[in-house]
Amino acid sequence: MLSLSDCQVIAIAPHIDDVELGAGATIHHLTKSKGNKVYYVGLSLPPLVDSNTFHEEFRESTQILGLDPERIILRNFNPRNLFDARSEILQLFYDLNKELKPDLVLIPNSQDIHQSHEVVFAEARRAFKYTTILGYELPWNSLDFSMDVFITVDREDVEAKVAAINAYRTQKNRMFFANDIVGDLARVRGKQIGREYAECFELTRLIV
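Following this line, the structure appears as structure tokens:
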């Protein structure tokens, strides 16, 4: 059984905002428990954004999700080509694994066709191979998706996810930032398991 209490969690975003979109409700659910320590690792800014503005939006978004600023780790790799930085990314992951000893790592799923997301999946699987790993769902990037793990969340968690995404005002015109899509997907995943709301993950590795 996967425990979500008293655990060290690392959530990895190839581009800042990926975690909010793929696992925002789960992150909020986890941060509500004082026994959990949740770390956010953001590897790059989305392309074509003003960095100062986006960092302000990011701070607001992560605050809504209940993340501790001291547990936020940011890097500034080229968002269009994480492939060239894969050795540095792998070393970062090795270092985080050694320092934090996570119980759970959240990453893009194996069927995500975005090149940068593929790099993060591959290097995270190498670095965190002795850790439970779940791949979050970004439907617009996945031609296929294995719905292995459903994490039950509540209305407060979903509303926090929506608010966290809305904090990225510079991204509001992107289709998948629409509030109805976020809420509808959480409801659909919830109905699949007889709950009101849920988020779904691919199981990459389970350590019990």
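For the sequence shown, our numbering gives the first residue as 1, with consecutive numbering after it.
Where is the CB? At the ideal position from N, CA and C, for every residue including glycine.
All values reported here derive from a predicted model rather than from experimental measurement.
Can you name, in chain order, every residue of its own chain whose Cβ lies under 6 Å from the Cβ of residue i, other than the five neighbours on each side?
| i | result |
| --- | --- |
| LEU203 | ASP148, VAL149 |
| SER210 | The requested residue 210 is not part of the displayed model; the chain covers only 1 to 208. |
| PHE128 | ASN97, VAL105 |
| ARG75 | LEU43 |
Here's a check: name, in chain order, each residue in its chain whose Cβ is nearer than 8 Å to the Cβ of residue i, leaving out the five neighbours to either side.
| i | result |
| --- | --- |
| VAL19 | ALA11, ILE12, ALA13, ILE27, TYR40, GLY42, LEU106, TYR136 |
| ALA124 | ILE12, PHE93, VAL105, ILE107, ILE133 |
| SER142 | ASN109, GLN111, ASP112, ILE113 |
In whole angstroms, what separates the C-alpha of residue i from that of residue j?
| i | j | result |
| --- | --- | --- |
| GLU60 | LEU4 | 25 Å |
| PRO69 | GLN63 | 8 Å |
| HIS117 | ALA164 | 21 Å |
| PRO46 | PRO79 | 6 Å |
| THR132 | PHE54 | 31 Å |
| SER51 | PRO108 | 23 Å |
| LEU96 | GLN111 | 24 Å |
| ILE207 | ARG174 | 36 Å |
| VAL188 | ILE181 | 10 Å |
| ALA122 | ARG155 | 33 Å |
Use the C-beta contact count for residue i: other C-beta atoms within 10 angstroms, 16 or more gives buried, fewer gives exposed.
| i | result |
| --- | --- |
| ILE89 | buried |
| GLY190 | buried |
| TYR168 | buried |
| GLY194 | exposed |
| ILE113 | exposed |
| PRO102 | buried |
| LEU21 | buried |
| PRO139 | exposed |
| LEU277 | A question about residue 277 goes unanswered here, because the residues of the chain that appear run from 1 up to 208. |
Residue i and residue j: beta carbons closer than 9 Å?
| i | j | result |
| --- | --- | --- |
| ALA25 | VAL158 | yes |
| VAL153 | TYR197 | yes |
| SER44 | ILE16 | yes |
| LEU134 | LEU92 | no |
| PHE77 | GLN115 | no |
| LEU30 | VAL49 | no |
Taking the continuous alpha helix (DSSP H) assigned at residue i, which residues delimit it?
| i | result |
| --- | --- |
| VAL119 | 115–127 |
| LEU100 | 86–100 |
| THR53 | 51–64 |
Counting along the chain, where does the beta strand (DSSP E) carrying residue i start and finish?
| i | result |
| --- | --- |
| VAL162 | Note, VAL162: premise wrong, no beta strand (DSSP E); alpha helix (DSSP H) at 155–166. |
| ARG205 | 197–205 |
| VAL19 | Careful: VAL19 lies outside any beta strand (DSSP E), inside the alpha helix (DSSP H) at 18–31. |
| GLY8 | With the sequence shown as reference, residue 8 is identified as Gln, and Gly is not the correct amino acid for it. Unbroken beta strand (DSSP E) run through GLN8: 8–13. |
| ILE72 | 72–74 |
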